[in-house]
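Peer 1:
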Amino acid sequence: MRTFWLRAIALALIAGVFAVRPMAAGEPTKKELETSQNNLKQIMLAVINSSDANNGRMPMNITDKDGRPLLSWRVAILPYIEQDNLYKAFKLDEPWDSDHNKKLIEKMPKLYAPVRVKAKAGETFYQTFFGEGALYGSKNAPTFPASITDGTVNTVFVVEAGDPVIWSRPVDLPFAEKRPLPKLGGLFDGDFHVGMCDGSVMRFKKDYDLDEMIKAIMPADGNVIDFGKLTK
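Here the working numbering is used: position 97 in the sequence shown is 463, and no number is missing along the way.
#1: Quick one: give me the first and last residue of the beta strand (DSSP E) that LEU452 is part of.
#2: In the DSSP assignment, the alpha helix (DSSP H) including MET584 goes from what residue to what residue?
#3: How would you call ASN427, buried or exposed, if buried means at least 16 neighbouring beta carbons within 10 angstroms?
#4: Short check: CB of GLN408 to CB of LEU452, under 7 Å?
#5: Look up VAL441 in the DSSP assignment and say whether it is helix, strand or coil.
#6: For TYR492, name the three-state secondary structure that DSSP assigns.
#7: Kindly give me the distance between the Cβ atoms of LEU354 and GLY561, rounded to whole angstroms, as I take these residues to be in contact under 8 Å.
#8: Please state if the CB of PHE496 and the CB of MET424 are separated by a distance shorter than 7 Å.
#9: Where does SER360 land, buried or exposed, given buried means 16+ other C-beta within 10 angstroms?
#10: Below 8 Å on the Cβ atoms is my contact criterion, and I expect ALA500 with PHE541 to pass it. Report the Cβ-Cβ distance as a whole number of Å.
#11: Rounded to whole angstroms, how far is the Cβ of MET568 from the Cβ of LEU547, which I believe are closer than 8 Å?
This is the structure:
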């Protein structure tokens, strides 16, 4: 009898695990999708406004005098998302994890917060690409829109990455034209939104075409993009 009940309990637990998993993943709600889309639109508007205010110079990671990154571009655009006081609270000549600046991690703007996936406090999925061939391919800030010769409507600036990072840390997605891309789509079970350089937002599918995605990341490669192989 004892063996019977142990087997019954084990089967119930297994059934429970398989019953819960689909619910935990689930389909994103319309509100969740729209919230992340609006977040990305506001981020892109801030990027464009920051560029306009700085003679076309696009927002970069904040560095020290030797070019070492201290704080993320997500900090640099704070004045353009109505977070001027938070921007002023940072010591811009200190790294993100200095005794002073690390206290501000928990003050991450709601705009950067994950929409439906649990993450540690102060972590965001919104990231750009850094690496040769990408918009941020050197230590020099790209110029908006002159550096984007493929067209702002055809060039990705920010994506929902696969894994979150601390929002103030100057870390984003590494890019190399001949290598696989890092994991994307951590918010919506593989599908992901991208903020384009013209300020628009698109939803890409998790089984996107790699070659077309690389074209969309590169702002000046001269290739025509087949968005039908990317969009949801």
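Note that beta-carbon positions come from the ideal geometry of N, C-alpha and C, so glycine has one too. Here the structure is a predicted model, which is why all the values come from computation and not from measurement.
Peer 2: Let me lay it out:
#1: Where LEU452 is concerned, there is no enclosing beta strand (DSSP E), although the alpha helix (DSSP H) it sits in stretches over 450 to 455.
#2: DSSP places MET584 outside any alpha helix (DSSP H), giving it a letter other than H or E.
#3: buried
#4: no
#5: helix
#6: Correct three-state label for TYR492: strand.
#7: Nothing about residue 354 can be reported from this structure: the residues present for the chain run from 367 to 598 only.
#8: no
#9: The shown model of the chain, from 367 to 598, leaves out residue 360, and the question about it has no answer.
#10: 4 Å
#11: Not really, about 16 Å apart at Cβ, beyond 8 Å.
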